[in-house]
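Reading through the structure tokens given below for one structure.
Chains as they are written, first to last, in the numbering used here: chain A, 1 to 71; chain Z, 1001 to 1157.
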């Protein structure tokens, strides 16, 4: 799964900590999601979308490799 | 969703108590070092042989309860140490918690099999007592390690 979290953070001029505080997670969680190492829950994705006031699909996009169950 | 975890503020205290009681338990078990005043008559329903029954009749026997006390303290504090909330208990921490728990059980039963094959008699029972703590200790170490790795990875940014 691809994400544009870093881009949206830059647009809103938020640090990882700022975003983390807004959606009640740790900075480490934001960092791991940004790097694509962790796929957030629907709830967290929706919270981020609400913070940036965009649809979830604008921040997160599915990739072909996501259909591969071995991954 | 309910997470069945203890409050974060208990964590530090429980960690100190756990390591203290666990290390004392190892010393007790390995060196046969016990306080004499803890030698008391205990209720022992499974003791059918009654090798002390000439002294104490019925399902009772003499036993030093130092190891029993330490086991209870170590198990209880170990559980609180492992399963108290983090400062920010978010979904990534939950994920690490779950994977560490799976790891802990795998390591525990691997050790259990190795110990079962290699150790016999009384030493086996002593090792099994310590084996009770492997899930807690492996979980704790793996969980702390993963948290440390996440922290260093995000501090690099």
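Note that the Cβ used here is the ideal one computed from N, Cα and C, for glycine as well.
Beta-bridge partners of residue 1042 of chain Z (DSSP): Z:1061. Excluding the 5 residues flanking it on each side, residue 1094 of chain Z has same chain C-beta neighbours closer than 8 Å at 1003, in chain order. Counting only Cβ-Cβ distances below 7 Å, residue 27 of chain A has contacts in chain Z at 1154, in chain order.
Below the 9 Å Cβ cutoff, chain Z contributes no neighbours of residue 8 of chain A, its closest Cβ being approximately 16 Å away. One thing to note: residue 1084 of chain Z has its Cβ within 9 Å of the Cβ of residue 1014 of chain Z.
With a contact defined as Cβ atoms closer than 8 Å, residue 17 of chain A and residue 1150 of chain Z miss out at about 14 Å. Chain order gives the chain Z residues near residue 38 of chain A as 1091, 1092 and 1095, where near means a beta carbon separation below 9 Å.
Taking the CA atoms as reference points, residue 1118 of chain Z sits about 56 Å from residue 57 of chain A. DSSP places residue 1008 of chain Z in no alpha helix (DSSP H); its state is neither H nor E. Listed in chain order, the non-local C-beta contacts of residue 1107 of chain Z below 6 Å within the same chain comprise 1138, local neighbours out to five positions each way being set aside. By a beta-carbon distance limit of 8 Å, residue 62 of chain A does not contact residue 47 of chain A. Their separation comes to about 19 Å.
DSSP lists no beta-bridge partner residue for residue 22 of chain A. For the C-beta of residue 1088 of chain Z, the chain A residues within less than 7 Å are, from N- to C-terminus, 25 and 26. Under the Cβ distance rule, residue 1085 of chain Z does not count among the residues neighbouring chain A, no pair being separated by less than 9 Å.
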